[in-house]
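S.K.: My numbering puts the first residue of the sequence shown at 366, with every later residue one more than the last. The structure that follows is given in the form of structure tokens.
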Amino acid sequence: MSRRLAFVLGFTCLLVASCRSGSSSTGLGPLVPRIINGSADRTDTAVVALTTQGSEFCSGTLVSSRTVFTAGHCVRESGLSAGDVRVFFGTTVGGPGTSVPVVAWEAHPDFYLAPDGAPMNDVAYVTLGQDAPVAPVAWQSARLPDLVGRTVRMVGYGVTNAQYQDGEGSRRWVDQVITGQDADFIYYGDGKAGTCQGDSGGPTFQYADGVPTLIAVTSYGDQTCVREGANTRIDAFADFLSRHVTGDATAPATPPVTPPAATADATEHESNNSRGSASNVISQPGSLSGMIGTESDVDWFKAAVPAGRTLSAKLDVPADRNYDLRIYDSGGSLLAAGDNDVGVDESLTWKNGASGSRVTYIKVFGASGSFSAAETYVLTVGW
């Protein structure tokens, strides 16, 4: 899928999901006050802030003991030389952490701004002057599969208020569902959360068994920072990037990312006609197929949602069926409901605001229509 976004320039650099200028004057007009709407991040230690004179202007990801990947526009459009930049390891710039000098950085040689201002071939490497104080993460050098509909995590040190351009400097994460994908970019945007100025170059992570793999870097988006965003795929520029990785990679450097299954066989199995008999346990985000044969048939699925995560459940239904969707807590209280008409897919979300994991139950059932024969639905669950 290919599409272009309406976006704006900001900094000498660019865009909204972008570098940070240090100025609150953007000339953009009224913007949504809460843009990231994410959470403080204390676990993704390989995500770093690129700083100059003690201020953060972009984000990046450590992929070896001496190499950070970031966005090309962070290099080309910043007006800075490598000697002007340091890489900060820590949760908040200016707080406890380690600041490491940069000895080299370079954007992809074919980096350019398209006529609409979009940064193309928007990747870069940063070489550290000493070994990093934390372990690196794996990055996607093999071809990326189709991840549309999958939940990914984005991390960065950018602003938390688009209107006033402030709140930058602390590492935060936000989960997003990929809405489109082409040869160079993945796209996202739910109208509620997203990356913004200062998050440029930060990672998009795909998780498998709880282990993150870097699949893209934040590139650009619309002026609200929540409606639409585009991140540059790392695998599309693996040849360039791999030539400039120095130091030790304590994580494997070339793991292929494959969409994880929600269950071992990726299909629902009986018996699961009540919440107490929900034998379909979803242990990780993914998709599975199920069948409803009658209006009285019910399928239940159990999923433990980590603290601070948002559970998403999407039901793809046959054109001649009317299926409904529910999410309940462990005590049977209704958390979310979907009652669309015949042939209309259902989509629900629920955020776990608790400090620990919460057990939820997802119910799929037939509301009305002809159920003379069983038909297959697809349930996609993410968090």
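Beta carbons are placed, not taken as given, at the ideal position from N, Cα and C, and that holds for glycine.
Helix, strand or coil for Ala-643, going by three-state DSSP, please let me know.
M.R.: Numbered from its first residue, the sequence shown carries residue 643 at position 278. Secondary structure at Ala-643: coil, using DSSP grouped into helix, strand and coil.
S.K.: Are Val-746 and Ala-668 close, meaning C-beta to C-beta below 9 Å?
M.R.: The residue you call residue 746 lines up with position 381 of the sequence shown. The residue you call residue 668 lines up with position 303 of the sequence shown. Yes; because the gap between Cβ atoms is below 9 Å, this pair is in contact.
S.K.: Roughly how many angstroms lie between the CA atoms of Ala-678 and Val-440, to the nearest whole one?
M.R.: Counting from 1 along the sequence shown, the entry for residue 678 is found at position 313. Counting from 1 along the sequence shown, the entry for residue 440 is found at position 75. Per the coordinates, the alpha-carbon of Ala-678 lies some 39 Å from the alpha-carbon of Val-440.
S.K.: What distance in whole Å lies between the Cβ atoms of Leu-676 and Leu-744, which are believed to be in contact at a cut-off of 8 Å?
M.R.: As a working note, residue 744 is residue 379 in the sequence shown. As a working note, residue 676 is residue 311 in the sequence shown. Their Cβ separation, rounded to whole angstroms, is 12 Å, which puts Leu-744 and Leu-676 out of contact at 8 Å.
S.K.: Give me the Cβ distance between Leu-362 and Ser-429, rounded to the nearest whole Å; I'm assuming they're in contact under 8 Å.
M.R.: As displayed, the chain neither begins before 366 nor continues past 748, which places residue 362 out of reach and without an answer.
S.K.: Could you tell me which residues DSSP pairs with Pro-484 in its beta bridges?
M.R.: Residue numbering aside, residue 484 sits at position 119 when the sequence shown is read from its first letter. The partner list for Pro-484 (beta bridge, DSSP) reads Leu-478.
S.K.: With DSSP run on the structure shown, which of helix, strand or coil describes Val-729?
M.R.: The sequence position of residue 729 within the sequence shown is 364, counting from 1. DSSP places Val-729 in strand when its eight states are reduced to three.
S.K.: Between the alpha carbons of Met-485 and Ala-479, how many angstroms are there, rounded?
M.R.: For this step, residue 485 is matched to residue 120 along the sequence shown. For this step, residue 479 is matched to residue 114 along the sequence shown. Approximately 7 Å, taken between the alpha carbons.
S.K.: Whole angstroms are fine: how far does the CA of Arg-674 sit from the CA of Leu-680?
M.R.: On the sequence shown, position 315 is the one that residue 680 refers to. On the sequence shown, position 309 is the one that residue 674 refers to. About 20 Å.
S.K.: Exposed or buried, Tyr-522, counting other C-beta atoms within 10 Å across all chains shown (16 or more means buried)?
M.R.: Taking the sequence shown and counting its residues from 1, one reaches residue 522 at position 157. Its Cβ being crowded by 16 or more others within 10 Å, Tyr-522 is buried.
S.K.: I believe Ile-647 touches Glu-740 by the beta-carbon criterion, under 8 Å. Please report the beta-carbon distance rounded to the nearest angstrom.
M.R.: Locating residue 647 in the sequence shown gives position 282, counting from the first residue. Locating residue 740 in the sequence shown gives position 375, counting from the first residue. The Cβ separation is near 21 Å, so there is no contact.
S.K.: So, at 8 Å on beta carbons, what are the nonlocal neighbours of Gly-703 in its own chain, with the 5 sequence-adjacent residues on each side left out?
M.R.: For this step, residue 703 is matched to residue 338 along the sequence shown. Answer for Gly-703: Leu-680, Asp-689, Leu-690, Arg-691, Glu-711, Ser-712 and Leu-713, listed in chain order.
S.K.: Mapping DSSP to helix, strand and coil, what is Leu-445?
M.R.: As a working note, residue 445 is residue 80 in the sequence shown. Leu-445: coil per DSSP, three-state reduction.
S.K.: Considering only the beta carbon of each residue, do Val-502 and Phe-453 sit closer than 9 Å?
M.R.: Against the sequence shown, residue 502 aligns to sequence position 137. Against the sequence shown, residue 453 aligns to sequence position 88. No, they are not a contact pair.
S.K.: Could you give the distance in angstroms between the alpha-carbon of Gly-514 and the alpha-carbon of Val-729?
M.R.: Locating residue 514 in the sequence shown gives position 149, counting from the first residue. Locating residue 729 in the sequence shown gives position 364, counting from the first residue. Distance between the alpha carbons of Gly-514 and Val-729: 19 Å.
S.K.: May I ask you to report which of helix, strand or coil DSSP gives Leu-606?
M.R.: By one-based count along the sequence shown, residue 606 stands at place 241. Leu-606 falls in the helix class under three-state DSSP.
S.K.: Alpha carbons only, please: which of Thr-426, Asn-687 and Asp-449 is nearest the one belonging to Ser-420?
M.R.: The sequence position of residue 420 within the sequence shown is 55, counting from 1. The shortest C-alpha separation from Ser-420 is found at Asp-449.
S.K.: Taking Gly-567 and Thr-544 to be in contact with their CB atoms under 8 Å, please state how far apart those CB atoms are, rounded to whole angstroms.
M.R.: Taking the first residue of the sequence shown as position 1, residue 567 is located at position 202. Taking the first residue of the sequence shown as position 1, residue 544 is located at position 179. Incorrect: roughly 19 Å between the Cβ atoms, too far for contact.
S.K.: By DSSP's criteria, Pro-683 is part of a beta bridge. Which residues make up the other side?
M.R.: Position 318 of the sequence shown, counting from 1, holds the residue named residue 683. Partner(s): none; Pro-683 has no beta bridge.
S.K.: So Ser-535 and Ala-405 are supposed to be a Cβ contact under 8 Å. How far apart are they, rounded?
M.R.: Locating residue 535 in the sequence shown gives position 170, counting from the first residue. Locating residue 405 in the sequence shown gives position 40, counting from the first residue. At roughly 7 Å, the Cβ-Cβ gap stays under 8 Å, so Ser-535 and Ala-405 are in contact.
S.K.: Do you know whose CA, among Ala-447, Gln-649 and Asp-662, lies nearest Asn-638's CA?
M.R.: As a working mapping, residue 638 is identified with position 273 in the sequence shown. Minimum Cα distance to Asn-638 is reached at Asp-662.
S.K.: So which of Gly-708, Trp-748 and Tyr-742 has the shortest CA-CA distance to Gly-718?
M.R.: By 1-based counting over the sequence shown, the position of residue 718 is 353. Gly-718 has its Cα closest to that of Trp-748, out of Gly-708, Trp-748 and Tyr-742.
S.K.: Where does Gly-460 fall in DSSP's three states?
M.R.: Your numbering for residue 460 matches position 95 in the sequence shown. Looking at Gly-460 - three-state DSSP - the assignment turns out to be coil, as it is neither helix nor strand.
S.K.: Could you name the residues of the same chain whose beta carbon sits closer than 6 Å to that of Leu-512, not counting the 5 residues immediately before and after it, in chain order?
M.R.: Along the sequence shown, one-based indexing puts residue 512 at 147. Beyond the five residues adjoining it in sequence on each side, Leu-512 comes within less than 6 Å, by CB distance, of Ile-543 in the same chain, given in chain order.
S.K.: If you check the beta carbons only, do Gln-505 and Thr-457 fall under 9 Å apart?
M.R.: As a working note, residue 505 is residue 140 in the sequence shown. As a working note, residue 457 is residue 92 in the sequence shown. No. Outside cutoff.
S.K.: DSSP on Asp-600, reduced to helix/strand/coil?
M.R.: Here the question's residue 600 lines up with position 235 in the sequence shown. Residue state, collapsed to three classes: helix.
S.K.: Gly-696 to Gly-655, Cα distance in whole Å?
M.R.: Counting from 1 along the sequence shown, the entry for residue 696 is found at position 331. Counting from 1 along the sequence shown, the entry for residue 655 is found at position 290. Using only the alpha carbons, I get a separation of about 24 Å.
S.K.: Tell whether a beta-carbon distance below 9 Å holds between Arg-598 and Ile-580.
M.R.: Taking the sequence shown and counting its residues from 1, one reaches residue 598 at position 233. Taking the sequence shown and counting its residues from 1, one reaches residue 580 at position 215. Yes, the pair counts as a contact, with Cβ atoms nearer than the cut-off.
S.K.: Contact defined as beta carbons within less than 8 Å: I believe Thr-492 pairs with Arg-537. What is the distance between those atoms, to the nearest angstrom?
M.R.: What you label residue 492 is simply residue 127 of the sequence shown in a count that begins at 1. What you label residue 537 is simply residue 172 of the sequence shown in a count that begins at 1. Not really, about 26 Å apart at Cβ, beyond 8 Å.
S.K.: Is Asp-521 helix, strand or coil by DSSP?
M.R.: To locate residue 521, count along the sequence shown from 1; it is residue 156. Going by the sequence as given, residue 521 is Gly instead of Asp. DSSP places Gly-521 in strand when its eight states are reduced to three.
S.K.: Assuming Gly-419 is part of the beta strand (DSSP E), what are its boundary residues?
M.R.: Numbered from 1 along the sequence shown, position 54 holds the residue referred to as residue 419. Premise fails: Gly-419 is in no beta strand (DSSP E) and is neither H nor E.
S.K.: By the three-class DSSP mapping on this structure, what secondary structure does Val-513 have?
M.R.: For the purposes of this step, residue 513 is identified with residue 148 of the sequence shown, where counting begins at 1. Three-state DSSP puts Val-513 in coil, outside helix and strand.
S.K.: Which residues in the same chain have their Cβ closer than 6 Å to the Cβ of Asp-409, if we skip the five residues on either side of it in sequence?
M.R.: For the purposes of this step, residue 409 is identified with residue 44 of the sequence shown, where counting begins at 1. Contacts found: Val-520.
S.K.: Nearest to Tyr-742 by CA position, among Gln-418, Gly-612, Arg-407 and Pro-683, is which residue?
M.R.: On the sequence shown, residue 742 is found 377 positions in, with the first residue counted as 1. Checking every option, the nearest Cα to that of Tyr-742 belongs to Pro-683.
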